[in-house]
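Heads up: the structure comes next, in structure tokens.
There are 2 protein chains.
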Amino acid sequence: MTSTITNRRDLDFLLYDVFDLLGLTAHGHYADHDKETLDAVIDTAQKIAEDHFLPHAALVDEEEPTFLNGKVEMRPEVKEALTHYYEAGFLAAPHEYDLGGMQLPHMVSTAIKGIFTAANVGTTAYPFLSGANVNVIKNFGTEEQKRLFMEPQLTGRYMGTMALTEPQAGSSLSDIKTTATPGDAGSYRLSGNKIFISAGDHELSENIVHLVLARIKGAPPGVKGISLFIVPKYLVNEDGTLGERNDVQLAGLIHKMGYRGTTSTMLNFGEKEGAVGYLVGEPNKGLSYMFQMMNEARIGVGVGAVVLGYSGYLNALAYAKDRPQGRPPQNKDPKAAQVHIIEHTDVKRMLLASKSYVEGGLALALYAARLVDQLKTAASDTEKEESRLLLEILTPIVKSWPAVYCLEANSLAIQVLGGYGYTREYPVERLYRDNRLNPIHEGTHGIQSMDLLGRKVTMQNGKAFKILAERMAETIAAGKDQTGIKDFAIALEAALSQVEQTTRTLTAEAAKGNIDLFLANSAVYLEVFGHMVVAWIWLQQAITAQRGLEQASSEEDTAFFQGKLQACRYFFRWELPKIAHGCRILEDFDRTCLEMREEWF
Amino acid sequence: MTSTITNRRDLDFLLYDVFDLLGLTAHGHYADHDKETLDAVIDTAQKIAEDHFLPHAALVDEEEPTFLNGKVEMRPEVKEALTHYYEAGFLAAPHEYDLGGMQLPHMVSTAIKGIFTAANVGTTAYPFLSGANVNVIKNFGTEEQKRLFMEPQLTGRYMGTMALTEPQAGSSLSDIKTTATPGDAGSYRLSGNKIFISAGDHELSENIVHLVLARIKGAPPGVKGISLFIVPKYLVNEDGTLGERNDVQLAGLIHKMGYRGTTSTMLNFGEKEGAVGYLVGEPNKGLSYMFQMMNEARIGVGVGAVVLGYSGYLNALAYAKDRPQGRPPQNKDPKAAQVHIIEHTDVKRMLLASKSYVEGGLALALYAARLVDQLKTAASDTEKEESRLLLEILTPIVKSWPAVYCLEANSLAIQVLGGYGYTREYPVERLYRDNRLNPIHEGTHGIQSMDLLGRKVTMQNGKAFKILAERMAETIAAGKDQTGIKDFAIALEAALSQVEQTTRTLTAEAAKGNIDLFLANSAVYLEVFGHMVVAWIWLQQAITAQRGLEQASSEEDTAFFQGKLQACRYFFRWELPKIAHGCRILEDFDRTCLEMREEWF
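In order, the protein sequence lines correspond to chains A and B. Quick note on the working numbering: the first sequence kicks off at 19 and runs consecutively. Quick note on the working numbering: the second sequence kicks off at 19 and runs consecutively.
Written out as structure tokens, the structure is:
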């Protein structure tokens, strides 16, 4: 049976052919890996995901965790699946050998995360949050903090959370109010309320390590007064054994549209004597620590959005190939057999649009993951700096583009299945509901648009965009030399030039200090920029596919490369031209939204 | 508290000011009504909807009907709400006085349906399906059929369904297989399986009257061999008392993404001795009877899509006015108070886009409802024929445009509420889930696009489009004379001309017999045509609003009219220009989707 959680042919194409994964193994850090070892890790992930994660995905959606007698209860399949995940070493895999890891390239970790997420986003969220937590402690914690709070997470004995959001602050982190008061032996006592804390309580691990943003009494207002603390559910003794229950209480579970297998919690810190917390790094630098992890977290969201959409597409494709219904418009003879719906042009349209979104999105996410790898493997400081800047400017795109377009693939998957797609008998509606979170968490779409235009595009006098434009120009030059690709290359060149012009117009206004006008239509800028970037990503795929087609030795290969080229064609003909309208709104400094008034609604 | 199910200010504006509801009362059929009586009916509907439908909307979403001990069980609030609905006479209201009705204009019935649907789509579906059933029997049934099966539905003693879809046929009605064999006393025995039959079983009424499409043995293949039957759950004696249980069995309930309060059923007819059914009208004309009701049913879907989106918007608006978070980009001082999120330009964008969709959608639906009324009130056959043709060509737009754009308003409402919007604490995610059905049922989006381009635009040598273009030209001429409106009128004139040109190009290909190429991108045509129509509907609103603004005597009125004009501006600047890209794809006869092959996916 064809997998509905991953398309390994496409994944291989992207990892090995388009983005040269093996090129990374020239670097010492990844030198032990080759295609065989990497394939084996991905195979194992797919097998565990299909055997232990996928089968209970619908079940944990229907039967959410409950809060009963002071404990969170959930289906036993979750714990069982996670045992397989941890036993195969997937949480530690990205880390160094001396931490029990495999020193896996981030590209491969990203692909694996995608496979598990596509299988069961609810169950997968528990280890993924631990993974993010581990990265923070690893980068900014003391040796003792690593020993006591990070290492037990690598094997699943402990799990972790990221406790940022508060009810009154939401996305506005400068307004968080949780306070920390110096206590015994260098520890702090924390007090405050957090909301939307995923995996914030459960019985899946011996302990839960919360990473909590809080304000040390007397700290400056705003983002410059926020510190980061480790606050464990159970205190941990010097020797690593568990001590008393800490003053962290589950105030309630939040019930959501999707992601229903993951507990989303309201947590009260310090309702009694104050929750014991340990400062990570220096006071008042908590947000900068968090944000140094944010690129990877946001790429993680992008990958999640991609694979949920991708799985929707794979399900719709399987259905469309199998479901007979109706006849072509030129043959309405009711005595003729019905055709499979994949033969209807409008169904092809929906599937081809989806293909262009999800394969474009996956390529984008893997390219970003490669940039993360390049931070490790760069041959020079300049190369490293360039990768860093590319990652900075692409992060809001990776976070937000798939959250719109791969979510659209989920909606199209429902549409392809018709009435059946709207039922809970098929997974497509669940995948849609799960994916609808992605335009919201880890910085909403609006916040990404402000980050892109207000910060990333303008920083260092536009250096990040300049480097991106250079890389795009290289691809364009390569594409222009290739038969069958030239038209795409020319179209991308025009799009780049258009977006550069728009950007100059906008930043000139920013230079005049008209910040509100500069940023007024930032959502449109994000849209335009995203389509330009994904067109570039598609051109890279098309160049490789065109070469592959010329050398293809099997019908299967030929069909695969033809499909890539047709999806690229779809993106260039149906999607890319939409940026013209967006650029016009931006260049006109359209004030329709800016000037709308509350009382007019 | 502001209502979250209806905006009466807008409804009044559309009914009375833009579409001249009272003009209809010049006609005898509606002559007893005036503004006072009509307002009173709408007030009553709103009160019953808010008091008895809205409070249990979330409850029936969480606790779906179950199939227990051979019976469908559901929350008692459903029956209680329906008792109020029937006691107030809402099911009979559109009908003649001698049927216990109020001879309500269809515009008002439509508005009322919208109010109930916005309050609780799950509960509302039961009487609405009965309403459709009643219309069919009223138009095509015998006097006895009306007495036995229609009249008890007017008071809620019986309810009804429309049983069209079969598992193997789906949208392809020509492939339905349920058979009817002549039986005793002019009756038939039916045998076959139906799926997705809403309200197909329940204990809300004494009896359930199924209207079933089936094939009389020996009938021609395809749509020309389909007949329509009344098949009651319980047989009915001559005197109207209930007889034996008919051979109709509930095979199972279908669990859906939304609309969870409405039973969606699989029904088996004739598993034992055959289900007793009564032919409606003549043999083999069943589909044409159904389709004569389809315009109203499809307008009904459009209204449903509008009001679910509208309610999402009203909820988002209330939240945005109340929720403090963040600060404007030009003032990031963390010591300053947070502003309400409605002050952020990107939130205004989401709300303004939603406003343009839902108010545009409501106006479109009410305009279509007025055309239904005009079939009754037309002063001449020509006028009646023009209304009929306008209704024909606009029906696919009314069915499908709100199902895309008002659904988008639901998604934007989730986004405005952010993390909260994704929870089941607020209704916005439920409204989204409910609305996601509307692009599917009563003819999918793809089917609407084929209906529009393949049938409605070409029928009678394009007469329907010609009449529509004339009406649009009248509005354009009026708009050109008005300060503040002129630019919109000019833009619409250009859009109309562009769509006319595209249509000529397409139909020329159809004339050559290249039907597959002609219809290949029909979904794009539907999109383009829909935006053109809604722009016209917005221009009509803007003309009235501009006049209103010039005469406004209160701040509240001024704000209302300014809001209308700004939403119109949004639609003309941000939305209408998108049709240029669609027209290019169409005029190029883009073959990207048509030429995609199954093996390339």
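A virtual CB, placed ideally from N, CA and C, is assigned to each residue, including glycine. Every value quoted in this text rests on a predicted model; they were computed, and no experiment measured them.
Asked: Given 8 Å, three or more beta-carbon pairs between the stretch 153-163 of chain B and the stretch 295-306 of chain B; Found: yes
Asked: Minimum length 4: unbroken alpha helix (DSSP H) runs contained in the stretch 502-590 of chain B; Found: 504-529, 533-537, 540-569, 573-588
Asked: Cutoff 8 Å; reference LEU408 (chain B); Cβ partners in own chain excluding five residues on either side; Found: LEU389, ALA482, ILE485, LEU486, ARG489
Asked: Where the alpha helix (DSSP H) through GLU617 (chain A) begins and ends; Found: It is not in any alpha helix (DSSP H) - GLU617 (chain A) carries neither H nor E in the DSSP assignment.
Asked: Segment limits, alpha helix (DSSP H) that includes HIS74 (chain A); Found: Run containing HIS74 (chain A): none; DSSP gives neither H nor E here.
Asked: CA nearest to the CA of THR43 (chain A), picked from A:ARG522, A:GLU184, A:ASP391; Found: A:ASP391
Asked: Status (buried if at least 16 other CB within 10 Å, exposed otherwise) for SER540 (chain B); Found: buried
Asked: is_contact[GLU617 (chain B), chain A] using C-beta, thresh 8 Å; Found: yes
Asked: Coil, strand or helix - VAL294 (chain B) by DSSP; Found: strand
Asked: Whether GLY258 (chain A) touches LEU166 (chain A) by CB criterion (8 Å); Found: yes
Asked: Nearest-angstrom Cβ-Cβ length linking HIS228 (chain A) and VAL266 (chain A), presumed shorter than 8 Å; Found: 7 Å
Asked: Separation of GLU492 (chain A) from ALA563 (chain A), as counted between CA atoms; Found: 17 Å
Asked: Whether THR280 (chain B) touches ILE272 (chain B) by CB criterion (8 Å); Found: no
Asked: ASN620 (chain A) in three-state terms, based on DSSP; Found: Because residue 620 (chain A) is not part of the residues shown, which for chain A are 19 to 619, the question remains open.
Asked: Between the CA atoms of ALA386 (chain B) and PRO83 (chain A) - distance to the nearest angstrom; Found: 47 Å
Asked: Contact set for LEU604 (chain A): own chain, Cβ-Cβ below 8 Å, skip 5 residues either direction; Found: THR520, THR523, LEU524, ASN539, VAL542, TYR543, VAL546
Asked: Under the three-state DSSP convention, the category GLY258 (chain B) falls into; Found: coil
Asked: Beta carbon of LEU335 (chain B) nearer than 8 Å to that of ASP452 (chain B); Found: no
Asked: Beta-carbon spacing of ASP364 (chain B), GLY464 (chain A) below 8 Å; Found: yes
Asked: Beta-carbon proximity list for ILE359 (chain A), same chain, < 6 Å, skipping 5 on both sides; Found: ALA338, ARG341, GLN343, VAL365
Asked: Pick from B:VAL551, B:ILE533, B:GLU314 that is closest to GLU511 (chain B), judged by C-alpha positions; Found: B:VAL551
Asked: Residues bridged to ASN248 (chain A) [DSSP beta-bridge criterion]; Found: It should be noted that the sequence gives Ile, not Asn, for residue 248 (chain A). Bridge partners of ILE248 (chain A): A:LEU229, A:TYR296.
Asked: Cα-Cα separation between LYS582 (chain B) and ILE215 (chain B), rounded to whole angstroms; Found: 40 Å
Asked: Neighbour-count burial assignment, GLY46 (chain A), 16 or more Cβ in a 10 Å radius; Found: exposed
Asked: Three-way DSSP call (helix, strand, coil) for LYS353 (chain B) in this model; Found: coil
Asked: Residue span of the beta strand (DSSP E) that contains GLU224 (chain B), given as start and end; Found: Looking at the DSSP string, GLU224 (chain B) is not in any beta strand (DSSP E), and its letter there is neither H nor E.
Asked: Buried versus exposed call for TYR115 (chain A) [16 or more other C-beta atoms within 10 Å across all chains shown]; Found: exposed
Asked: For ARG175 (chain A), the three-state DSSP class (helix, strand or coil); Found: coil
Asked: Sub-8 Å separation of VAL249 (chain A) and PHE309 (chain A) beta-carbons; Found: no
Asked: Interface flag, SER148 (chain A) vs chain B, CB-CB below 8 Å; Found: no
Asked: Backbone secondary structure at ARG263 (chain A) - three-state DSSP; Found: strand
Asked: Whole-angstrom distance between PHE578 (chain A) and ASP28 (chain A), CA atom to CA atom; Found: 9 Å
Asked: The stretch 428-437 of chain A touching the stretch 495-512 of chain A, judged by at least three CB pairs closer than 8 Å; Found: no
Asked: Limits of the alpha helix (DSSP H) - the one that PRO145 (chain A) falls within; Found: 139-158
Asked: Proximity of LEU556 (chain B) and GLY304 (chain B) at Cβ, strictly below 8 Å; Found: Note that residue 556 (chain B) is Trp in the sequence shown, not Leu. Their beta carbons are not under 8 Å apart, which means TRP556 (chain B) does not touch GLY304 (chain B) by this criterion.
Asked: Neighbourhood of HIS220 (chain B) by C-beta distance below 6 Å, restricted to the same chain and skipping five residues each side; Found: VAL90, THR281
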